[in-house]
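Asks: Numbering (my numbering), first residue to last: 22 to 459. Handing you a structure now.
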């Protein structure tokens, strides 16, 4: 244990005595008895200097034999503290006096142009090339610590932004960058196929962190909790993505598009009419772009507008589907057909009429349809015999029975049958009816 300095002074002066001189006492007594002017005070400086010299020798001896370990311990403590500070990256420590800012470690570099003074608490030492240590203004030794030259390093390549790990510095802390990289590698954003407006899809989040459905501006549309699934139904067309929060920013990927649904509305001409001997219903799309497909009673024509053919009486459903290569939509309407299509045949004729149009029988549609192939047969309803047969629309039946070569003299009801050899779309191949010959 080190002794206090008071003990050192005490030990150094112990046993010291000044020599006794009897004549000096006699002279002192004579002066005390006499009245004399005030003398100049005697200076004891030499005694103080002697005592100080002895004390200095004792102190020097003390530090020579016991102070080496203290200096070594001090150097080790400072070196250990400096090493700990240099491993702390990303901190910024300003110090007063020169306005400099140190980034990357907690070591502080003094301004070499400043004059040290006793009140300056900053580090005032530097290391020489040979590893020796210089003293600061206070006269104390500083540790042999190397102060690295540090240059501000941009974050993520940004100009003028200070912070982040230092390049080529093994002591710098790149944990933030490594953590971000590891974090991204642990986030799984599911792939989402392109959608159509108002089309539902289920998106599952397999992560232990919530993710988000984002629009083109990275605004959150919907949150998907960790390890949950949600049903997403977009109500606006545009670009979308999935993202997650990384610190204060949103990272996004897994892009998908919500496409517009084409308009499939259409109009129907409800006027009952025949064109070229066929029952025609005209339909037309109102708007939209893409491929148009119509569906009605076993027919599927294409185009923005088209003709549909209905041969049977009753309700008929018309459906239009529009496909723009991304999305498809359908729209349907129901119409009512008032009568069956029967080749537009009349039900009676008079061979002796003065009106040539009423003197013979031939279903009118067969005379209007180009390139139609058919067989028309007239049958006697009384015995089932064939009265007349033809495949030429220009040769109608005039009432003559081919079996006898004569026309019946009394009104008779006959059965006719027309077989169509090349029917139109969705057309029946056979028609039947009755005809009364007056």
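All residues carry an ideal CB built from backbone N, CA and C; glycine is no exception. Since the model is a prediction, treat every value here as computed from it, not as a measurement.
1) Buried or exposed for residue 387, going by 16 or more other Cβ atoms inside 10 Å?
2) Given this structure, state the Cα-to-Cα distance separating residue 278 from residue 220, to the nearest angstrom.
3) Just the Cα atoms here: how many angstroms apart are residue 207 and residue 344?
4) Let me confirm a value: residue 390 is counted as buried when at least 16 other C-beta atoms fall within 10 Å, else exposed. Which label applies?
5) Could you tell me whether the Cβ of residue 277 comes closer than 9 Å to any Cβ of chain B?
6) Here's a check: name, in chain order, each residue in its chain whose Cβ is nearer than 6 Å to the Cβ of residue 319, leaving out the five neighbours to either side.
7) Considering just the uninterrupted stretch of the beta strand (DSSP E) at residue 18, what are its terminal residues?
8) Let's test the definition: count the other Cβ atoms within 10 Å of the Cβ of residue 396 and tell me whether it reaches 16, buried, or not, exposed.
9) Compute the distance between the beta-carbons of residue 302 and residue 330, then report whether it is under 9 Å.
10) The beta strand (DSSP E) that contains residue 463, what's its start and end?
11) With burial defined as no fewer than 16 other Cβ atoms inside 10 Å of the residue's Cβ, what is the status of residue 408: buried or exposed?
12) Can you tell me whether residue 369 is buried or exposed? The criterion is at least 16 other CB atoms within 10 Å of its CB, across all chains shown.
13) Cα separation between residue 268 and residue 217?
14) In chain order, what residues of the same chain lie with their CB nearer than 8 Å to the CB of residue 307, ignoring the 5 residues before and after it?
15) CB residue 393 to CB residue 456, shorter than 9 Å?
16) Between the alpha carbons of residue 434 and residue 452, how many angstroms are there, rounded?
17) Excluding the 5 residues flanking residue 484 on each side, which residues of the same chain have their C-beta closer than 7 Å to its C-beta?
18) Excluding the 5 residues preceding and the 5 following residue 334 in the sequence, name in chain order all residues of the same chain whose CB lies nearer than 7 Å to its CB.
19) Given this structure, state the Cα-to-Cα distance separating residue 437 from residue 296, to the nearest angstrom.
20) Sorted by chain position, which residues of the same chain lie with C-beta nearer than 8 Å to residue 406's C-beta, five sequence neighbours on each side aside?
21) What three-state label does DSSP hand residue 454 in the structure shown?
22) Can you tell me whether DSSP reads residue 389 as helix, strand or coil?
23) What does the alpha-carbon distance come out to for the pair residue 422 and residue 363?
24) Give the DSSP bridge partners of residue 375, in chain order.
25) Three-state secondary structure (DSSP) at residue 291?
26) From residue 80 to residue 71, what distance separates their C-alpha atoms?
27) If you count every other CB in all the chains shown that lies within 10 Å of the CB of residue 226, and 16 or more means buried, which is it?
28) Leaving out five residues on either side along the sequence, give the residues of the same chain with a beta carbon under 6 Å from the beta carbon of residue 7.
29) State the DSSP-derived secondary structure class of residue 438, mapped to helix, strand or coil.
30) Is residue 238 helix, strand or coil by DSSP?
31) Looking at the structure shown, is residue 74 part of a helix, part of a strand, or coil, going by DSSP?
32) Thinking C-alpha only, which one of 332, 292, 309 is nearest residue 450?
Replies: To lay it out plainly:
1) buried
2) 12 Å
3) In this structure, the alpha-carbon of residue 207 lies about 39 Å from that of residue 344.
4) buried
5) Here there is only one protein chain, and chain B is not present.
6) 447
7) Within the shown structure, residues of the chain are numbered from 22 to 459, placing residue 18 beyond reach of any answer.
8) Residue burial is scored here from C-beta neighbours: residue 396 has fewer than 16 other C-beta atoms within 10 angstroms and is therefore classed as exposed.
9) Against a cut-off of 9 Å, the Cβ pair of residue 330 and residue 302 comes out as a contact.
10) The structure shown does not extend to residue 463, since the chain spans only 22 to 459, so no value can be given for it.
11) buried
12) Exposed is the call here.
13) 33 Å
14) Here the set comprises 284, 286, 287, 288.
15) Their beta carbons are not under 9 Å apart, which means residue 393 does not touch residue 456 by this criterion.
16) 17 Å
17) Residue 484 is absent from the model: the chain starts at 22 and stops at 459.
18) The answer, listed in chain order, is 358, 359, 360, 361.
19) 23 Å
20) 400, 424
21) strand
22) helix
23) 24 Å
24) According to DSSP, residue 375 bridges with nothing at all.
25) coil
26) 14 Å
27) buried
28) No information on residue 7 is available, as it lies outside the stretch 22 to 459 that the chain covers here.
29) strand
30) coil
31) The answer is helix: DSSP assigns residue 74 an H, G or I state.
32) 332
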